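Undergrad: In the working numbering, the protein residues as written are 684 to 866.
C-beta: ideal position from N, C-alpha, C; glycine also.
Nothing here was measured: the structure is a model prediction, and the numbers come from that model.
Mind looking over this structure? Questions follow.
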């Protein structure tokens, strides 16, 4: 499928958040491909080939979610793999390369991350997962037209800056353009 593949190669965080939304959509429609098709896909797509491609993609995700036993909560293993890569890179930037700019960004966002962790049900998650869940929560608030307080907006922005820096470094790393020895 073109959209998810494009998101994964352009911005891994957007891809992960997009997939969180897709997982929740599948759960909301109780894993019923016919309901997903009639309510989500068919109103948006008229080309029969694209419809079949979308249907196959959703069916594959439904099967993966069932086989991975994440019908109620949790995320696809492929997303967990990306989060692990981001977490390793996060730790590498902080400890191995001693990236001073990233350290400053992390110092600014850590209070927001800790506060979000305390207010949410994510105490067992690492800071990268918290960042992704916070950005997903902001997306959901915007989609449902719920107000976002100035304090929450400031927290989201601090976390967004950290995630944006990390994602840029991730894509540099994946393209072979990140020099871990330059710091």
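If we count Cβ pairs, one from each stretch, closer than 8 Å, do we get three or more for the segment 767-781 versus the segment 741-758?
TA: Too few Cβ pairs lie closer than 8 Å, so no.
Undergrad: Please tell me whether residue 814 and residue 796 are closer than 8 Å, where the distance is taken between their beta carbons.
TA: A contact, by the Cβ cut-off of 8 Å.
Undergrad: Measuring straight from C-alpha to C-alpha, what distance separates residue 793 and residue 708?
TA: Cα to Cα, the separation comes out at about 30 Å.
Undergrad: Short of 7 Å in beta carbon distance, which residues of its chain neighbour residue 791, apart from the five on each side in sequence? Order them along the chain.
TA: Closer than 7 Å at Cβ, skipping near neighbours: 841.
Undergrad: Closest by CA to residue 822, which one among 704, 710 and 734?
TA: Looking at the Cα atoms, 704 is the closest of the given residues.
Undergrad: What is the C-beta distance between residue 861 and residue 852, in whole angstroms, given that I count them as a contact (C-beta under 8 Å)?
TA: So it is a contact: roughly 6 Å between Cβ atoms.
Undergrad: Could you check the C-alpha separation between residue 786 and residue 849 for me, to the nearest Å?
TA: Between residue 786 and residue 849, the C-alpha separation is close to 11 Å.
Undergrad: Assign residue 776 to buried or exposed, taking buried as 16 or more other Cβ atoms, counted over all protein chains shown, within 10 Å of its Cβ.
TA: It is buried - the Cβ of residue 776 has at least 16 other Cβ atoms within 10 Å.
Undergrad: How should residue 737 be labelled, buried or exposed, when 16 other C-beta atoms within 10 angstroms of its C-beta is the threshold for buried?
TA: Answer is buried; the Cβ neighbour count reaches 16.
Undergrad: In terms of residues, what are the limits of the alpha helix (DSSP H) holding residue 754?
TA: Unbroken run through residue 754: none, as it is neither H nor E.
Undergrad: Just the C-alpha distance for residue 799 and residue 732, rounded to the nearest angstrom, thanks.
TA: Spanning the two alpha carbons is a distance of roughly 43 Å.
Undergrad: Which of helix, strand or coil does DSSP assign to residue 794?
TA: If DSSP states are grouped into helix, strand and coil, residue 794 belongs with the helices.
Undergrad: For residue 723 and residue 807, what's the separation of their Cα atoms in angstroms?
TA: Those two C-alpha atoms are separated by around 33 Å.
Undergrad: What does a CB cutoff of less than 8 Å around residue 719 pick up in its chain, not counting 5 residues either side in sequence?
TA: So the qualifying residues of the chain are 708, 709, 712 and 741.
Undergrad: Can you grab the Cα-Cα spacing for the pair residue 700 / residue 728, in whole Å?
TA: Each residue's Cα considered, the two are about 22 Å apart.
Undergrad: Would you decide whether residue 817 is buried or exposed? Buried here means 16 or more other CB atoms lie within 10 Å of its CB.
TA: By the 10 Å Cβ count, residue 817 comes out buried.
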